[in-house]
Structure formats: structure tokens, C-alpha cells
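Just below is one structure, and these are the notes that go with it.
Numbering (my numbering), first residue to last: 17 to 372.
Shown next, in the form of C-alpha cells:
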């Protein structure tokens with residue numbers, strides 16, 4: 017019996033060897049495949065976790081941005097009401113002064129200027145803070161990632177000190193930039209309105225055309241015989257010139273980091289994407305103001321209204337644009353799809369791990 021089995025094995029030895037090799041290969045291949053699948057599953061799980069962390073950080077960053085914008089509105093409104101003090105002019109008119117016509121003319125310019133400046137400044141604050149908080153937010157995410165990987169805190173870009181100094185740069189927009197914006201808008205408003213009598217009746221369409229003329233001159237500057245609609249037409253109110261261009265050799269590590277951040281911020285503010293988003297925000301804000309004015313015409317049931325009677329309505333619009341929370345005007349701008357997409361793109365660009 018044993019000899020017959022042994023004979024069978026000898027006759028089919030090659031087949032047994034081949035079968036054994038195949039079975040062994042299949043077993044090894046199966047182990048390799050299971051190992052690879054496990055590696056892929058672990059990588060996929062790690063990627064999902066990293067994406068979830070990044071998304072959570074981004075979402076938190078956007079909420080911070082929205083709250084920051086809303087918290088700045090009372091101070092912005094107060095600054096504008098002091099710089100363009102139409103209330104003081106109104107009080108003067110109550111005393112029936114001899115120069116009341118002159119005061120009415122000042123009130124006309126001040127009222128329109130105040131509303132227009134508030135619209136521009138709100139839109140600039142919204143879009144600029146989106147840039148700032150998503151640039152620094154991207155670096156903060158990378159710093160946290162490096163910390164989890166055991167990198168020393170000294171290599172962090174977005175240290176608390178850097179964050180504070182960097183975010184403080186918005187004060188230029190709320191200070192010198194706003195002062196220049198007030199001057200420019202007031203000059204254009206004066207030129208546009210000076211030939212419109214206080215007694216002249218304006219239809220809604222005519223009033224809308226007045227605002228459109230001011231906007232056109234603000235955003236389309238004539239240079240070398242043609243109108244320039246580049247992003248730089250408004251960015252001078254947001255950032256000072258030559259910021260972030262100090263000689264690197266004489267700077268500390270912190271100062272060099274700040275220089276780098278400000279150069280990146282300037283590049284973003286001067287980009288076509290920034291200008292496109294800002295223009296869309298302004299489009300939306302003008303549409304909302306037009307709707308307010310249209311409602312006013314409808315309530316008065318008059319097709320045309322004397323300019324003098326329109327001034328109080330125009331003057332009051334600052335409480336729409338810079339009003340306290342809940343503020344429908346600002347919420348509409350903050351929730352614009354293009355604003356959200358722009359924020360996501362900025363964050364994406366600055367939260368990518370370097371492949372070097």
C-alpha cells in the first residue's frame with residue numbers, strides 16, 4: 017500500500033511541486049494583498065481624519081471671521097458718524113441760521129458720502145478679513161500639524177505674537193485708509209451732486225443713476241487715456257504702499273516672518289480674485305441699498321421726490337449698512353457664495369503641507 021502511494025507520488029512529483037509552488041504563491045500573494053489593503057485603509061483613515069481636522073479648523077476660522085466683522089461695526093459706524101457729522105448740520109438747521117442754504121448743501125454731500133463710504137468700508141472689511149484670517153489660519157493649522165509631529169514650537173510661523181501683530185494691520189483700513197476713502201468719496205459726491213438742486217424732483221431711476229455715477233468714478237480710474245478697473249483701484253485704502261519690503265538682513269526672525277506674511281497678503285489683495293469678490297460684494301450692497309430706496313418711494317406713493325426730502329432717508333442708511341446685530345445687510349455679504357469660496361481657496365493655499 018505504502019509502495020503504491022510512493023510510486024504514485026514519484027510519478028506525479030512535478031505536478032505536486034508545481035501545485036505546492038502555486039499554493040504557496042497564492043498564500044504569499046494573499047498575505048501581501050491583505051497587507052497592502054490594510055495600509056491603504058490606514059492611509060485612507062488618516063487622510064479622512066486629517067481632512068476632518070482641517071475642515072473643522074476652517075469652519076471655526078470662518079465663524080471667527082464673521083464674529084470679528086460684526087464686532088467691528090459699532091466702532092466703524094461711530095467713526096463715520098463723527099467724520100461725516102450730518103447730525104450736527106441738522107441741529108444747525110433747526111436754529112434757522114442765515115446760511116441755511118449753505119448748510120443744506122453740506123448736508124446733501126455729507127449724507128450721500130456717509131452712506132457710500134459705509135458701503136465701501138463694510139465690503140472691504142469683509143473681504144480683507146477673509147484674506148487675513150485664512151492666511152494666518154492656514155499657517156496655524158500647519159503649526160498645529162508640526163506640533164503633533166514633534167516639531168519644536170520655535171519653528172512655528174503663526175505664534176501668538178505674530179498673530180496679534182499681523183491681525184492688527186486691519187487698523188490701517190479703519191484709520192488712514194478710511195480717512196482717504198472719506199476724502200475721495202466726498203470729492204466725487206460733491207462733483208456729482210453740486211448741480212442737482214435741493215428742490216429738484218428725482219425719480220427712483222434718477223437717484224439710482226446718481227449713486228451709480230459716484231461708484232463708477234470710485235472704481236474706474238482714468239489712467240493714460242483709459243479707465244482702469246484693476247484690483248489696485250481700491251486696495252490703496254486697505255494696505256499702505258511698500259508694506260513688507262524692508263531689508264531682510266537687518267530684521268529679526270519675527271520681523272522677517274511679518275514681512276513674509278504682509279507680502280503674501282499684498283499679493284492676495286492685488287489679485288484679480290480679490291477684486292472680483294470685492295466687486296461682487298459691492299454689487300450686492302448697492303442692490304440692497306437700491307431696494308431700500310425703492311421701498312421708500314413706494315411708501316411715499318410719489319413717482320418723483322425733491323432731493324431735500326430724500327436726504328434724511330439717504331442719511332439714515334448708515335444704520336442699515338453698519339447697524340448692530342442682527343444685521344441683514346452684513347449677513348447677506350458674509351453668506352455670499354463667492355465670499356465663502358474665496359475664503360476656502362485662500363485657506364487651502366496656505367494650509368498645504370510642503371512637499372519639499
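Idealized CB from N, CA, C, for every residue including glycine.
Bear in mind that the values here come from a model prediction, so they are computed numbers and not experimental data.
Should residue 76 be labelled buried (16 or more other beta-carbon atoms within 10 Å of its own) or exposed?
On the chain shown, position 60 is the one that residue 76 refers to. Counting Cβ neighbours within 10 Å, residue 76 comes out exposed, since fewer than 16 surround it.
Could you please give the first and the last residue of the uninterrupted beta strand (DSSP E) stretch that includes residue 218?
Walking along the chain shown from the start, residue 218 turns up at place 202. Element bounds for residue 218: 217-219.
Among the residues of its own chain, which have a CB less than 7 Å from the CB of residue 319, if the five just before and after it don't count?
Residue numbering aside, residue 319 sits at position 303 when the chain shown is read from its first letter. Excluding residues within five positions, the ones whose Cβ falls inside 7 Å are 219.
State the CB to CB distance for the pair residue 227 and residue 326, rounded to an integer number of angstroms; the pair is presumed to be in contact (CB under 8 Å).
Reading the chain shown from its first residue, position 211 is the one you call residue 227. Reading the chain shown from its first residue, position 310 is the one you call residue 326. Not really, about 11 Å apart at Cβ, beyond 8 Å.
Using alpha carbons as the reference points, say which of 88, 231 and 252 lies closest to residue 142.
The residue you call residue 142 lines up with position 126 of the chain shown. It is 88 whose Cα lies nearest to the Cα of residue 142.
Contact check, residue 178 vs residue 270 under 8 Å by CB: the rounded distance?
Taking the chain shown and counting its residues from 1, one reaches residue 178 at position 162. Taking the chain shown and counting its residues from 1, one reaches residue 270 at position 254. Rounded, the Cβ-Cβ distance is 7 Å, consistent with contact.
Taking the continuous beta strand (DSSP E) assigned at residue 176, which residues delimit it?
Locating residue 176 in the chain shown gives position 160, where the first residue counts as 1. Element bounds for residue 176: not the beta strand (DSSP E) but the alpha helix (DSSP H), 176-183.
Assign residue 123 to buried or exposed, taking buried as 16 or more other Cβ atoms, counted over all protein chains shown, within 10 Å of its Cβ.
Here residue 123 refers to the residue found at position 107 when the chain shown is read from its first residue. Label assigned to residue 123: buried.
Around the C-beta of residue 303, are 16 or more other C-beta atoms found within 10 angstroms, so that it is buried, or is it exposed?
As a working note, residue 303 is residue 287 in the chain shown. Classification of residue 303: exposed, given that the 10 Å Cβ count is below 16.
With a threshold of 8 Å, are at least 3 pairs of Cβ atoms found where one atom belongs to the stretch 184-191 and the other to the stretch 303-315?
The stretch 184-191 vs the stretch 303-315: no contact.
Name the residue from 97, 68, 107 and 360 whose alpha carbon lies nearest to the alpha carbon of residue 131.
Translated into positions along the chain shown, residue 131 becomes position 115. Among 97, 68, 107 and 360, the Cα nearest to that of residue 131 belongs to 97.
To the nearest angstrom, how far is the alpha carbon of residue 72 from that of residue 84?
The residue you call residue 72 lines up with position 56 of the chain shown. The residue you call residue 84 lines up with position 68 of the chain shown. C-alpha separation (whole angstroms): 18 Å.
Can you tell me the Cβ-Cβ gap for residue 289 and residue 358, rounded? I've got them flagged as a contact below 8 Å.
The residue given as residue 289 occupies position 273 in the chain shown. The residue given as residue 358 occupies position 342 in the chain shown. Correct: roughly 6 Å between the Cβ atoms.
Here's a check: name, in chain order, each residue in its chain whose Cβ is nearer than 7 Å to the Cβ of residue 155, leaving out the five neighbours to either side.
On the chain shown, residue 155 is found 139 positions in, with the first residue counted as 1. Within the same chain, residue 155 has close Cβ partners 173, 174 and 366.
I'd like the span of the beta strand (DSSP E) that includes residue 322, first residue to last.
Working through the chain shown from its first residue, we reach residue 322 at position 306. Counting along the chain, the beta strand (DSSP E) containing residue 322 begins and ends at 320-322.
Indicate the three-state DSSP secondary structure (helix, strand or coil) for residue 114 in the structure shown.
One-based indexing of the chain shown puts residue 114 at position 98. Note: residue 114 maps to coil in three-state DSSP.
Check the C-beta distance from residue 282 over to residue 255 and give it rounded, since I have them as a contact under 8 Å.
The residue labelled residue 282 in the question sits at position 266 within the chain shown. The residue labelled residue 255 in the question sits at position 239 within the chain shown. About 6 Å separates the two Cβ atoms, so the contact holds.
For residue 81, collect the residues of the same chain with a Cβ closer than 7 Å to its Cβ; drop the 5 residues on either side in sequence, then sort them by chain order.
Counted from its first residue, the chain shown places residue 81 at position 65. The answer, listed in chain order, is 145, 146 and 149.
For residue 137, which option in 294, 340 and 309 has the closest C-alpha, if you only look at C-alpha atoms?
Stepping through the chain shown from its first residue, residue 137 is reached at position 121. Checked all of 294, 340 and 309; the closest Cα to residue 137 is 294.
Would you decide whether residue 344 is buried or exposed? Buried here means 16 or more other CB atoms lie within 10 Å of its CB.
As a first step, residue 344 must be located in the chain shown, where it is residue number 328. Residue 344 should be labelled exposed.
Identify the continuous alpha helix (DSSP H) that holds residue 274 and give its terminal residues.
Counting from 1 along the chain shown, the entry for residue 274 is found at position 258. Counting along the chain, the alpha helix (DSSP H) containing residue 274 begins and ends at 269-285.
Can you tell me which of the three DSSP states residue 368 falls into?
The residue labelled residue 368 in the question sits at position 352 within the chain shown. Looking at residue 368 - three-state DSSP - the assignment turns out to be coil, as it is neither helix nor strand.
Looking only at its own chain, which residues have a Cβ that is under 7 Å from the Cβ of residue 341, when we skip the five neighbours before and after it?
Working through the chain shown from its first residue, we reach residue 341 at position 325. Hits under 7 Å: 86.
Alpha carbon to alpha carbon, how far is residue 195 from residue 159?
Counting from one through the chain shown, the residue named residue 195 turns up at place 179. Counting from one through the chain shown, the residue named residue 159 turns up at place 143. Taking the straight line from one Cα to the other gives about 37 Å.
Quick check: the Cα distance between residue 208 and residue 193, rounded to an integer number of angstroms?
One-based indexing of the chain shown puts residue 208 at position 192. One-based indexing of the chain shown puts residue 193 at position 177. C-alpha separation (whole angstroms): 22 Å.
Which term fits residue 78, buried or exposed, when burial requires 16 or more other beta carbons within 10 angstroms of its beta carbon?
Indexing the chain shown from 1 puts residue 78 at position 62. Buried: at least 16 other Cβ atoms inside 10 Å.
Pull up the CB-CB distance for residue 109 and residue 119, whole angstroms please, since I reckon it's below 8 Å.
For the purposes of this step, residue 109 is taken as residue 93 along the chain shown, with counting starting at 1. For the purposes of this step, residue 119 is taken as residue 103 along the chain shown, with counting starting at 1. That pair is a contact at about 6 Å.
Out of 213, 352 and 349, which has the shortest C-alpha to C-alpha gap to residue 323?
Counted from its first residue, the chain shown places residue 323 at position 307. Selected option, being the one with the closest Cα: 213.
Output the distance between the C-alpha atoms of residue 104 and residue 234, rounded to the nearest integer angstrom.
For the purposes of this step, residue 104 is taken as residue 88 along the chain shown, with counting starting at 1. For the purposes of this step, residue 234 is taken as residue 218 along the chain shown, with counting starting at 1. For residue 104 and residue 234, the distance between alpha carbons rounds to 27 Å.
What residues in its chain sit with their C-beta under 6 Å from that of residue 198, if we drop five residues either side in the sequence?
Within the chain shown, numbered from 1, the residue matching residue 198 stands at position 182. Taken in chain order, the residues that qualify are 99 and 133.
Does DSSP put residue 214 in a helix, in a strand, or in coil?
Residue numbering aside, residue 214 sits at position 198 when the chain shown is read from its first letter. Residue 214 falls in the coil class under three-state DSSP.
Throw me the rounded Cβ distance for the residue 151 and residue 183 pair, which I believe falls under 8 Å.
Looking up residue 151 in the chain shown gives position 135. Looking up residue 183 in the chain shown gives position 167. With 8 Å as the limit, residue 151 and residue 183 do not qualify as a contact, their Cβ atoms being about 10 Å apart.
Could you please give the first and the last residue of the uninterrupted alpha helix (DSSP H) stretch that includes residue 206?
Within the chain shown, numbered from 1, the residue matching residue 206 stands at position 190. Segment 192-209, the alpha helix (DSSP H) holding residue 206.
Take the Cβ of residue 230 as the centre, count every other Cβ of all protein chains shown within 10 Å, and call the residue buried at 16 or more, exposed below.
The residue you call residue 230 lines up with position 214 of the chain shown. By the neighbour-count rule (16 or more Cβ atoms within 10 Å), residue 230 is buried.
Does residue 100 come out as helix, strand or coil in the three-state DSSP assignment?
For the purposes of this step, residue 100 is identified with residue 84 of the chain shown, where counting begins at 1. DSSP places residue 100 in coil when its eight states are reduced to three.
Do you know whose CA, among 273, 70 and 128, lies nearest residue 328's CA?
Numbered from 1 along the chain shown, position 312 holds the residue referred to as residue 328. Answer by Cα proximity: 128.
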